[in-house]
């Protein structure tokens, strides 16, 4: 495919693929070449990304086809083909599918009807597929269609759309409405389609290759700063020293240097068409960007600011708007018309703070003001006429009222009917009514008109009129002026104002009347001046007003993908491009804004040590498709302005990432080094600013190819619960973030949490993937690493960038929950994390906290993940009074029990026995040698157990031995096996097994020193009193009380 020849839409290519092509992971493998670091020409540059883009589009479709049973599904109600020369283009009507399948959906969130979007890709089929292979079995029965247009103004539940299909769309002959054609949503290719048009020649794009040429061979860009950049000349804007103004934002040295060099770059004659600002976590990157944009706004530099996601764009926009509002002389009104934010309103979820800069809101407000009969001109002229002729208006009112009164003279006056209103009251009512509309228009014009249209003089006139009108209304409400005097004021306001301006003209005038007279005169003068100087457009439609907004804006903000729209707009050329989070952006996507007309300089802000762009195709990823322009230029040696001071993390949190990802280049800010920054959210030493909490008992299980670890879920939930109780008790606000690398773990924790803490405004919990937390931060971060296996396999958790993001989200406390052994065996960065925690004394075992131990045990029992915990020192029994020994026979038999409920009861019973509980009547196994074996029934299965003796160091101790679990009929077999073993015991051994020591209602184990004195008498029925001399050699367990008694069993 050659650039220079129109390749059509990406949809045209997609429609040529068969379902087998989409599912073929090797479709483009032989065509794929590694994307180089430098390029020979613009053609070579663009061509390098075409095949990886196609492969990524295919992989995205393939991924979404893995579970079509849950895909949004619509029913095609009507279909009409357009002219044949247009291909298989149809106008279709789709509606909700009334299906009994619970996973089938035709709604958004189960509420709003799903509305198809342009560039949606659908599979058309008569039968709802569950997986992609269902489509492969009958390829002739399915079709693929891409939405090319959606009729505006539709509310559903049925929608009319235009689609382009791979082959003719044929609706089945319906019998009793039982047969119909389904449209199953696969993916939306809008962003990839825009990249495609950017790479291939497209008539909708007017191209600019200034910056593109420079990034092909950036070696020439790796030079020192030009004289202007090095000289640090002062920048003056309208007589104001911008450098001095920037001091008020309290930037640190590295932030100020990044801002100033970016401002100098605008005027720089050197070859630095692209500038990099490196912003590691917590270094104030967003603050730096917002101050830079504020300065560019003052310089009236037409700038486009982009980011990969809506969230990132909104964060920059919020900071910028806040800075502009704070710098306004008054908070009553602030000029925001030179800032324009646009995009999908629903996805951006615009709040009140950003509403005034959002395109749709601005267009709606200006449309109201531009309306001829109800907008600015109407309200302006109405107010002028009123102030000029309010006395005449009042007399007309009186005349009309008297005429009506004569017609009703024969009727009696109704009770409560008021007399004619007085002049002051009349003026108050009429003025209030007229001022309301005018004040609203003034606020809209001041807020939304760009500085290029609204001159400083007119801006001041509008704000002065606004103040005059409010003062006038306030004075009218408080005035004690007589009606006659007030009428005289309004009848001759301008003459009186001239007269009273002279000392001899003020003598007999009420001071309030004089003030009203002056305000009326001044207000009229300002209003007339505005009528002459401010020419407001009238009767414009929304589309024309949108163009007006784009033409006048100095700063435009949107996502990188959405910037494609600017290629088709008629507006003055842009000058500067600022891309935030540039390291998260595929380089080919950067070409969309880079080619906008007029762009001469690009400033990229990001951190290549954090997450890069998501790439689904392994083939495209290996070709370097996910590498950003920021990363490529950085790898080639282009200099970066490093923001070198972090203000987020407590130093104990920043220590590891700074050393391992940033070569100790980042300094800790004075705020985080302050002793008061350290927070003790929970009292135990385990819960310091930085901890690794080892959960050895966890087991990873896979849910739809994504692992989860329910034991770690239990630990996380307990940590959150403890934090909540501490926050509630201390009445201290706390935000908690739970970060997991895998979606299955995220979902599991979210489901378990539910809405537990939503009602508490002072305590918030957010659970997200590592990717979802990029750019975010919370007071406390809990990382659930999930992986728990003997091989040390950690999957993509080993990714350095992903690890960096996870470890740098916390402000005050970072607690890592994971299997220390698994992570250590990984041999990756997580091995360093574990070793670092151990060396710093920050490594703890979860069971050291009683609450965590109980949570783990409950989870183990609940989930049945205890097969690997059937040993004496496991968490289930390491706090028990009795040491528990399991035979291999028991483990084998236990593994054969399929019912979770029975397994749960068995474990709970063994735990009760290990705690010292005994049934009142112990059921001895018949036929057992020396009557040592006991049995306990659990739903048809019988636990065979006994007290045994174990030698440990210099002591013999009683232990609980679990021999087997079998049905009643197999107990004799167990007896035979056990008798063979017990028969080999020495008499002393058997006798020690028979002794019992009690603490209240509990039975506790006994122990003896391994000396000859420890031999017990052969008479097992001897009383405690008679055995006093021998029992002096007995040593009770460490928890035994003085009142404990012992006796043979």
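Numbering (the numbering used here), first residue to last: 4 to 1052.
For each residue, glycine too, the CB sits at the ideal point set by N, CA and C.
A quick note: this is a predicted structure, and the numbers were derived from the prediction, not measured.
Indicate whether residue i and residue j have their beta-carbon atoms separated by less than 7 angstroms.
i            : j           : result
residue 1    : residue 674 : Because the chain spans 4 through 1052 in this model, residue 1 falls outside it and cannot be assessed.
residue 608  : residue 215 : no
residue 861  : residue 885 : no
residue 906  : residue 873 : no
residue 529  : residue 468 : yes
residue 1057 : residue 368 : Examination of residue 1057 is not possible in this model, given that the chain is present from 4 through 1052 alone.
residue 83   : residue 98  : no
residue 13   : residue 195 : yes
residue 100  : residue 187 : no
residue 694  : residue 845 : yes
residue 820  : residue 969 : no
residue 622  : residue 629 : no
Rounded to whole angstroms, what's the CA-CA distance from residue i to residue j? Just pull it up for me.
i           : j           : result
residue 554 : residue 379 : 21 angstroms
residue 146 : residue 599 : 37 angstroms
residue 668 : residue 588 : 24 angstroms
residue 64  : residue 55  : 14 angstroms
residue 350 : residue 160 : 20 angstroms
residue 636 : residue 217 : 11 angstroms
residue 342 : residue 301 : 11 angstroms
residue 66  : residue 813 : 33 angstroms
residue 997 : residue 925 : 13 angstroms
residue 922 : residue 803 : 55 angstroms
residue 284 : residue 678 : 21 angstroms
residue 816 : residue 69  : 39 angstroms
residue 11  : residue 167 : 13 angstroms
residue 7   : residue 51  : Per-residue confidence for residue 7 stands at a pLDDT of 40, beneath the threshold of 50, marking its modelled position as unreliable; the derived number appears in the next sentence. Answer to the nearest angstrom: the Cα atoms are 15 angstroms apart.
residue 940 : residue 912 : 10 angstroms
For residue i, collect the residues of the same chain with a Cβ closer than 7 angstroms to its Cβ; drop the 5 residues on either side in sequence, then sort them by chain order.
i           : result
residue 792 : 703 and 825
residue 227 : Reliability fails at residue 227, whose pLDDT of 49 lies under 50, so the model's placement of it is uncertain and no value is given.
residue 209 : 570 and 600
Within the same chain, show all residues whose beta-carbon is closer than 8 angstroms to that of residue i, passing over the 5 residues directly before and after it, in chain order.
i           : result
residue 801 : 829, 831, 832 and 833
residue 492 : 484, 499, 516, 519, 520 and 523
residue 139 : 22, 23 and 26
residue 295 : 261, 262, 265, 266, 581 and 606
residue 375 : 381, 541 and 542
residue 799 : 744 and 805
residue 314 : 778
Can you check which of these residues, the options, is closest to residue i by C-alpha distance?
i           : options                : result
residue 557 : 516, 612, 307 and 631  : 307
residue 561 : 544, 548 and 580       : 580
residue 650 : 781, 806 and 397       : 781
residue 348 : 718, 363 and 709       : 363
residue 720 : 736, 749 and 735       : 749
residue 739 : 726, 751, 633 and 733  : 726
residue 774 : 742, 993 and 847       : 742
residue 123 : 961, 550, 960 and 149  : 149
residue 526 : 565, 612, 438 and 1001 : 438
residue 645 : 344, 670 and 983       : 670
residue 864 : 854, 855 and 879       : 879
What residues in its chain sit with their C-beta under 6 angstroms from that of residue i, if we drop five residues either side in the sequence?
i            : result
residue 441  : 382 and 386
residue 331  : 337
residue 769  : 740
residue 1005 : 919
Could you tell me whether the Cβ of residue i comes closer than 7 angstroms to any Cβ of chain B?
i           : result
residue 934 : The structure shown has no chain B; it contains just one protein chain.
Every unbroken alpha helix (DSSP H) inside the region 429-457 [4 residues or more]: none
Within the region 829-892, note down every full alpha helix (DSSP H) run reaching 4 residues or more, in order along the chain. Those alpha helix (DSSP H) runs which fall completely within the region 829-892 and span 4+ residues are 832-842 and 853-866.
What are the complete alpha helix (DSSP H) segments, minimum 4 residues, inside the region 229-295? 230-234, 245-249 and 256-270
Return the chain-ordered ranges of every alpha helix (DSSP H) run that is complete within the region 544-593 and spans a minimum of 4 residues. 545-555
Quick one: which unbroken beta strand (DSSP E) runs of 3-plus residues sit fully inside the region 906-953? Chain order, please. If we require 3 residues or more, the beta strand (DSSP E) runs fully inside the region 906-953 come out as 937-941.
So within the region 155-219, which uninterrupted alpha helix (DSSP H) runs reach at least 4 residues, ignoring any that extend past its ends? 193-202 and 213-219
Curious, which full-length beta strand (DSSP E) runs of at least 3 residues does the region 291-371 contain? 306-310 and 342-344
What are the complete alpha helix (DSSP H) segments, minimum 4 residues, inside the region 764-820? Secondary structure in the region 764-820: the alpha helix (DSSP H) runs of 4 residues or longer, each lying completely within the stretch, are 773-776 and 803-810 in chain order.
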